[in-house]
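Oh and the sequence shown: position 20 is 277 in my numbering, straight run, nothing missing.
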Amino acid sequence: MGCYSGFVQIRLRITIIPEAITLEHVDKAVAYDRSSSLKNCWVYGWHRGYKADLAIETGKIFLLVEFSYDLEKSNAQTFNVLDSVGSGLVDTVRLDFISNHGNPSHTCIYGLQVHGHEPTFVSMLAMQS
258 MGCYSGFVQI
268 RLRITIIPEA
278 ITLEHVDKAV
288 AYDRSSSLKN
298 CWVYGWHRGY
308 KADLAIETGK
318 IFLLVEFSYD
328 LEKSNAQTFN
338 VLDSVGSGLV
348 DTVRLDFISN
358 HGNPSHTCIY
368 GLQVHGHEPT
378 FVSMLAMQS
């Protein structure tokens with residue numbers, strides 16, 4: 258059975274306003290086969306707070322970015338968060354992928370970084386109004 262699709266869900270250390278996502282795979286200089294790298298991906302984000310099911314109840318799940326990882330580019334590729342997310346607060350992200358670069362047995366993720374900044378008191382007030 259092939260592993261072409263799946264997801265990874267990560268709870269962030271702090272709540273942030275997301276700005277970009279970086280996906281990393283092994284560098285082509287040291288890898289003999291990079292076909293296991295992700296290809297077509299989506300990253301979603303939401304704020305769970307203290308209630309684990311709050312995001313699902315309120316429908317506050319945001320598509321942060323949709324992208325294709327390109328084997329011909331750098332092994333660490335950064336994708337900006339969609340403008341439509343605005344100043345949404347995120348403390349949980351989910352990377353969904355539907356394909357890899359051809360490996361029939363597995364798909365690898367070497368690194369996933371979520372870039373952003375902590376909300377200020379002023380930005381918190383603006384989001385509540």
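In this text, a Cβ means the ideal position worked out from N, Cα and C, and glycines have one as well.
Small disclaimer: the values here were computed from a predicted structure and weren't measured.
Exercise for the section: Check Ser327 in the structure and name its three-state DSSP category. Expected result: Just to set this straight, residue 327 is Asp in the shown sequence, not Ser. DSSP places Asp327 in coil when its eight states are reduced to three.
Practice task
For Asn297, I'd like the list of residues in its chain whose CB is within less than 6 Å of its CB, leaving aside the five on either flank, ordered along the chain.
Solution key: Ser325, Ile355 and Ser356
Problem - Outcome for Ser362 when other beta-carbon atoms lying within 10 angstroms are tallied against a minimum of 16 - result: exposed
Practice task
Figure out for me which residue from Arg291, Ser293 and Ile274 has the closest Cα to the Cα of His304.
Solution key: Ile274
Practice task
Classify Val283 as helix, strand or coil using the three-state DSSP reduction.
Solution key: coil
Handout entry: Through-space distance from Asp284 to Val338, alpha-carbon basis
Key = 24 Å
Handout entry: Thr377 classed as buried or exposed, judged by whether at least 16 other C-beta atoms fall within 10 angstroms
Key = exposed
Exercise for the section: For my contact list, Gln266 and Thr349 are in at a C-beta cut-off of 8 Å; report their separation, rounded to the angstrom. Expected result: 7 Å
Practice task
Report all residues from its chain with a CB closer than 7 Å to the CB of Leu352; omit the five preceding and five following residues, and keep chain order.
Solution key: Phe264, Val265, Cys298, Val300 and Leu369
Problem - Same chain, Cβ closer than 7 Å to Ala277, five either side skipped, listed in chain order - result: Thr335, Phe336, Asn337, Val338 and His372
Handout entry: Cβ neighbours of Thr279 in the same chain (closer than 6 Å, five flanking residues each side left out)
Key = Ala333, Thr335 and Gln370
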